[in-house]
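In the working numbering, the protein residues as written are 1430 to 1592.
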């Protein structure tokens, strides 16, 4: 089912809208300005979701960020919150799978050694993706955050990819 058309505020209508990768491409890349920059973000998102699907047997990804808004400004990232269907599968990840999984998420206030440095934020895919994990019972909190429009007090919709 294709994503709905942009509203007059250049966002998706309120609500959670099921989509697949071709739907995302049509609305967020093809039907928006700055197509070249959007192609790069879409490629980062596609690769990110490909890795996620290998690690998490089933779940949903909710999408937000500048890629998901039809703006005259150049988009700079896509925000993804992962909502696993079965939390226990994450606890059973081991070795390389666990290391890969933890590398999929945005970290804030990071102190690194060798060489020693402080980083405000570390993001997957060279900063093109902001990745977050929804813990069981926090879906309403994330839905409220993802529904905030670009202008304070406005509401927007967001895309949901299931696998």
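Just so you know, even glycine gets a beta-carbon here, dropped at the ideal spot from N, CA and C.
Enclosing beta strand (DSSP E) for residue i [first to last residue]
i	result
residue 1510	1507-1513
residue 1540	1536-1541
residue 1561	1558-1562
Test item: CB-CB of residue i and residue j under 8 Å
i	j	result
residue 1503	residue 1468	no
residue 1428	residue 1571	Only positions 1430 to 1592 of the chain appear in the structure, and residue 1428 is not among them; the question remains open.
residue 1447	residue 1585	no
residue 1450	residue 1588	no
residue 1549	residue 1566	no
residue 1479	residue 1554	no
residue 1562	residue 1534	yes
Residue i versus residue j: straight-line alpha-carbon distance, rounded
i	j	result
residue 1579	residue 1494	9 Å
residue 1506	residue 1492	11 Å
residue 1452	residue 1529	27 Å
residue 1514	residue 1437	34 Å
Any non-hydrogen atom of the ligand ADP closer than 7 Å to residue i Cβ
i	result
residue 1444	As presented, the structure is devoid of all ligands, the ligand ADP included, so that no description of it is given.
Close beta carbons around residue i, own chain, < 8 Å, minus the five adjacent residues each side
i	result
residue 1482	1592
Below-8 Å beta-carbon distance, residue i vs any chain D residue
i	result
residue 1581	Given the protein chain composition of this structure (a single chain), no chain D is represented.
Same chain, Cβ closer than 6 Å to residue i, neighbours up to 5 away in sequence not counted
i	result
residue 1575	1491, 1493, 1587
May I have a chain-ordered list of the beta strand (DSSP E) segments no shorter than 3 residues that lie completely inside the segment 1465-1510? Complete beta strand (DSSP E) runs here, min 3: 1488-1493.
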